[in-house]
Structures are given as structure tokens and as C-alpha cells.
Amino acid sequence: MELHSDALRLDLPAANKYLNVLGACLNAFIERIEGIAEPRVTAYNIELAVNEIFANIVAHAYGDAPGGRVDVVVMLASDPRRLLIAIRDTGIAFDPTAVAEPDLEDVQINGYGLFLARSLMDDVAYARCADGNTWQLIKHL
Numbered sequence: 045m046e047l048h049s050d051a052l053r054l055d056l057p058a059a060n061k062y063l064n065v066l067g068a069c070l071n072a073f074i075e076r077i078e079g080i081a082e083p084r085v086t087a088y089n090i091e092l093a094v095n096e097i098f099a100n101i102v103a104h105a106y107g108d109a110p111g112g113r114v115d116v117v118v119m120l121a122s123d124p125r126r127l128l129i130a131i132r133d134t135g136i137a138f139d140p141t142a143v144a145e146p147d148l149e150d151v152q153i154n155g156y157g158l159f160l161a162r163s164l165m166d167d168v169a170y171a172r173c174a175d176g177n178t179w180q181l182i183k184h185l
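For the sequence shown, the working numbering gives the first residue as 45, with consecutive numbering after it.
Here you go:
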């Protein structure tokens with residue numbers, strides 16, 4: 045992803061206590077975008093999707109290994125107008141095909157994160173690189 049000059053870049057510790065920092069930054073970035081239909085709903089949905097991916101990175105990519113970092117880049121792209129969010133970590137690999145869709149008829153405690161992210165965003169893609177994992181989330185505006 046080529047960075048634009050107005051891209052927001054965050055380098056966060058891989059800990060759930062930083063979810064509020066991530067959410068506040070996302071909301072502040074989205075508030076500055078003009079012409080979004082239902083800006084509060086859109087911002088909430090994007091924040092929830094990104095938080096779910098971040099929380100999964102903390103729990104699964106790093107697990108019990110303290111000291112991990114998560115790099116988040118947020119930028120507005122045009123033609124078509126969309127919000128691009130790249131999330132990168134250096135934790136263990138993830139296999140998205142191994143995650144079953146949750147059974148919405150049967151209550152379960154875990155297993156909704158990736159489902160929610162995919163439902164709230166227009167595109168969610170994962171790639172394993174030589175030195176880590178990259179998630180790309182896209183929301184058309």
C-alpha cells in the first residue's frame with residue numbers, strides 16, 4: 045500500500061488496553077472526512093471491525109509472547125473513494141480458511157471477530173509475509 049501524505053500511522057503495543065487509543069484515532073480520522081453517509085454508524089462499524097482484528101492479533105498472533113507490536117495505517121483513497129486500513133504484526137501465521145463461520149442460531153462466546161470484520165467492511169484480506177502478517181480492510185465511502 046503506497047502511503048499518502050495524509051495517512052495516519054500508529055505503532056501500538058500488542059495489548060488490548062490500547063484498543064481505546066486505536067478507536068479514538070480511527071474516530072478522529074473519520075470525523076475529518078467530509079460527505080460520509082451516516083458518519084457515526086460508519087465510524088462505529090469501522091472501529092468495531094478494526095478492533096476485532098487487533099484483538100485477534102493480540103490473542104492469537106502473539107498469544108503469550110509479550111512485547112509484540114501492531115502497526116496500523118489508515119488512509120483515504122479516491123477513485124473509488126474508500127478508507128484503507130492496513131494492520132501488520134510479526135506474530136505467528138494465521139489461516140483464515142481454518143476459521144469456521146459462527147453458527148448464529150447457537151450462542152457461543154468466541155469466534156465472531158473475523159465474521160464481524162467481514163460483515164462490516166467491504167473487503168477484508170489477509171496475507172502472510174516473510175516477516176509477519178498483514179491485514180487489509182477496505183470500506184467504500
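For every residue, glycine included, the Cβ atom is placed at its ideal position computed from N, Cα and C.
Just the C-alpha distance for residue i and residue j, rounded to the nearest angstrom, thanks.
i    : j    : result
I129 : V114 : 13 Å
R76  : T141 : 36 Å
K183 : N64  : 20 Å
F138 : G157 : 14 Å
A120 : R126 : Note that residue 120 is Leu in the sequence shown, not Ala. Taking the straight line from one Cα to the other gives about 6 Å.
A72  : Y62  : 16 Å
A51  : G176 : 21 Å
D166 : S122 : 15 Å
N60  : A99  : 6 Å
E82  : L164 : 14 Å
L54  : R162 : 22 Å
Y170 : L181 : 9 Å
I173 : E78  : Sequence check: residue 173 is Cys here, not Ile. Taking the straight line from one Cα to the other gives about 35 Å.
A124 : Y106 : According to the sequence shown, residue 124 is Pro rather than Ala. For P124 and Y106, the distance between alpha carbons rounds to 35 Å.
V168 : W179 : 7 Å
Pull up the DSSP beta-bridge partners for residue i, would you.
i    : result
C69  : According to DSSP, which records beta bridges pairwise, C69 is partnered with nothing at all.
L185 : According to DSSP, L185 bridges with nothing at all.
L54  : V116
R172 : N177
Check whether the Cβ atoms of residue i and residue j sit closer than 9 Å, and answer yes or no.
i    : j    : result
V118 : R132 : no
T86  : I74  : yes
G190 : H104 : Beyond the ends of the chain as shown, which are 45 and 185, falls residue 190; an answer cannot be given.
L185 : I101 : no
- Is it true that the stretch 77-91 meets the stretch 101-116, where meeting means three or more beta-carbon pairs spaced less than 8 Å apart? no
- Within the stretch 83-165, note down every full alpha helix (DSSP H) run reaching 4 residues or more, in order along the chain. 83-100 and 157-164
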